[in-house]
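Number 188 in UniProt numbering belongs to position 188 of the sequence shown; there are no gaps in the numbering.
Yeah, the Cβ is synthetic: ideal placement off N, Cα and C, and Gly gets one too.
Just so it is clear, the structure is predicted and the values come from calculations on it, not from any experiment.
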Amino acid sequence: NNALVYIAFFQTLKVALQIHALFIHSILSDGKYFETASSQISGFPQYVSVGLVNDLVITHYDSNTKRTVPKQEWMNRVTEDESQYWETETQINVNNEQVGKYNIEIVKQRLNEIGGSHLYQRMSGCDWNDETNEIRGYFQTAFDGEDFISLDWETQTWVAPKQQAFDTKLRWERNGVALRYKDYFDHRCADALKRYVRYGEKTLKRKELPEVWFLQKSSSSWVTCFATGFYPDRAMLFWTKDGEELLEDWGGILPNHDGTFQSSVSLDLSSVPTGDWGRYSCVFQLSGVKDDLITKLDPGLIRTNAKHTNTQTGSKDKYKLVFYSDLTHIFRNDKVSIPHKKRNKNVTRNTTNQPQKHNKNLTKPQQKCVGKATTTQ
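Structure (structure tokens):
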């Protein structure tokens, strides 16, 4: 049950990050709140709230500790502007914890659910474009991993994909709930976000390049280029053949436990002679960094599930690489199980600006702040 809770929570996080990556060209930065209420799941808090700015966790609250705490050192500066900030945030989360319990019971009744373990999730916030000063709010909920109700910002109406959420949609539209959220996002949310970005400017504007590895489950499996440890998340990862970009399955961008990010892209080389693998390279592009990070594919450096013998040195690496799904990377709260080593000599920096097709889309991100106005179903 605990695993299911974590998986459902991080599935929501994974989707949110992948959507952000797909629309990166129209965004200037990011942040959000994830709130999770659960019932009858032993060993897991009944309520958890995590706040993020630019996909970096800044606050945490759970029903076991009953306290909202900072997760970044620079968030302690918030008391310079609001001395009772942490007490206020704690009380908001205590209230939302009760609302979460209530919402679970309401949705259970509508779905004719009796007993059992259940999960109610909410993701809400606002985007702020610091160049145009445009604000865009968002609000969506899910029950047991399925969408329940969400806000259409353009029309200021509520979307109810499940029939059981239709009563909520009608009541909220009749009572003007969307307008109250809009007012909240346009003012309090944007003001708070600007403060957070100011506090963490040095951290949020840093640039970190990744370690790049080639992974393969077996000799017949696809070869995966895995990049981990980069920041920010405005990045692209893709394969090239003889310098030309290949359209392959990109795994999106996912968070690491230390505030950096990871990404992967796989390539089917089963029909390509090993002697031709050197024509392929993995290219990593990071917003704000001029040169591409290009890693040439070398069969001798691919890590597999077996104890790997380096064909160049003849030595055996003292580890066994275990492959996990993207979701499990997050669930383990760790990076892929590869020891940290110096970047291999096949990694080069591109100074010719080729390929550069993605760079025009890697713009400064849009600022986001979460909205924590409380609404029951």
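Item	Value
Helix, strand or coil at residue 378 according to DSSP, with G and I counted as helix	Outside the shown range of the chain, which is 1 to 377, sits residue 378, and nothing can be said about it.
Same chain, Cβ closer than 8 Å to T376, neighbours up to 5 away in sequence not counted	V99, Y102, N103, I106
Burial state of V69 (16 or more Cβ within 10 Å)	exposed
8 Å contact criterion, which L269 and L56 should meet: CB distance rounded	Not a contact, Cβ separation roughly 36 Å.
Assigned secondary structure, F331 (DSSP; H/G/I helix, E/B strand, else coil)	Confidence is the limiting factor: at F331 the pLDDT is only 27, short of 50, which leaves the residue's position unreliable, though a coordinate-based value still follows. In the structure shown, F331 sits in a helix (DSSP, three-state: H, G or I).
Distance cut-off 7 Å: E244 Cβ against heavy atoms of the ligand ATP	As presented, the structure is devoid of all ligands, the ligand ATP included, so that no description of it is given.
Length at least 4, wholly inside the region 180-230: the alpha helix (DSSP H) runs in chain order	190-199, 201-204
P210 beta carbon less than 8 Å from that of A227	yes
Three-state secondary structure (DSSP) of Q377	coil
Inter-stretch contact (C-beta, 8 Å, three-pair minimum) for the region 268-285 and the region 222-241	yes
Whole-angstrom distance between L179 and M236, CA atom to CA atom	37 Å
Every unbroken alpha helix (DSSP H) within the region 23-107, with a cutoff of 4 residues, ordered by chain	78-81
Option nearest S39 by Cα separation, candidates N95, T90, L119	L119
Which listed residue (G288, L247, L215) has its alpha carbon closest to that of L297	L215
When S124, A192, Q91, D191 are compared against F34, the one with the closest alpha-carbon	S124
Through-space distance from N112 to T260, alpha-carbon basis	42 Å
Close Cβ partners of L22 (< 6 Å) along its chain, the five nearest in sequence each way excluded	Because the pLDDT of L22 is 32, which lies under 50, any placement of that residue in the model is unreliable, and the number read from its coordinates should be weighed accordingly. Counting only Cβ-Cβ distances below 6 Å, and skipping sequence neighbours, we find nothing.
CB contact check: W74 to chain C, cutoff 8 Å	Here chain C cannot be found, since the structure has a single protein chain.
For H257, the residue or residues it bridges with in DSSP	DSSP, once it has assigned bridges, lists no residue as partnering H257.
Inter-stretch contact (C-beta, 8 Å, three-pair minimum) for the region 168-179 and the region 195-204	no
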